[in-house]
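Engineer: Please read through the structure below; I'll follow up with questions.
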Amino acid sequence: MIGMSPMIDVRDDEELLETGDQLHALCEKRGIVHLIYAGFATNWCILGRNYGMRAMAARGYNLILLRDATMGVEYPDTLDQCMATELAIREAETQLGFSASNSDVLTACEQNG
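Just so you know, we're using this note's numbering here: the sequence shown kicks off at 4 and counts up by one.
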């Protein structure tokens with residue numbers, strides 16, 4: 004059996020989600036209207052999965068992509084300039100929501116308690 008690091012293990016009081024429908028149901032239940040995205044495969048998973056930015060924007064959520072905490076799947080001819088990442092960030096900014104840096108979000112959270 005494959006285990007998980009205790010640092011990322013799901014606790015009994017936490018929910019584990021696999022689909023956009025599950026995320027949407029949880030957000031509705033808790034009154035969540037803002038989602039913050041970060042992680043790998045910006046151009047695939049973060050934008051395109053059924054819990055990704057395109058799907059959740061279509062459901063009416065306010066979205067923020069942390070542009071310095073994401074990386075797209077790059078190719079040999081796009082890697083040097085991180086072109087796939089940059090194009091995914093631009094799609095997020097122009098069509099789906101907003102982007103911010105980690106420090107901007109942390110500062111806003113600290114200022115607003």
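Beta carbons are placed, not taken as given, at the ideal position from N, Cα and C, and that holds for glycine.
Being a predicted model, the structure only gives us computed values, none of them experimental.
Buried or exposed: SER102, going by 16 or more other Cβ atoms within 10 Å of its Cβ?
Structural biologist: buried
Engineer: Taking only runs that begin and end inside the stretch 33-90, name each unbroken beta strand (DSSP E) of 3 or more residues, in chain order.
Structural biologist: 37-43, 65-74
Engineer: As a quick exercise: from THR88, MET7, HIS27, pick the residue whose alpha carbon is nearest that of TYR64.
Structural biologist: When only C-alpha atoms are compared, the closest one is HIS27.
Engineer: Mapping the DSSP letters down to three states, classify SER106 as helix, strand or coil.
Structural biologist: helix
Engineer: Compute the Euclidean distance between the alpha carbons of ASP80 and MET86, then round it to the nearest angstrom.
Structural biologist: If I take the Cα positions, the gap works out to 9 Å.
Engineer: With distances taken Cα to Cα, identify the nearest neighbour of TYR40 among ALA72, TRP47, LEU20.
Structural biologist: ALA72
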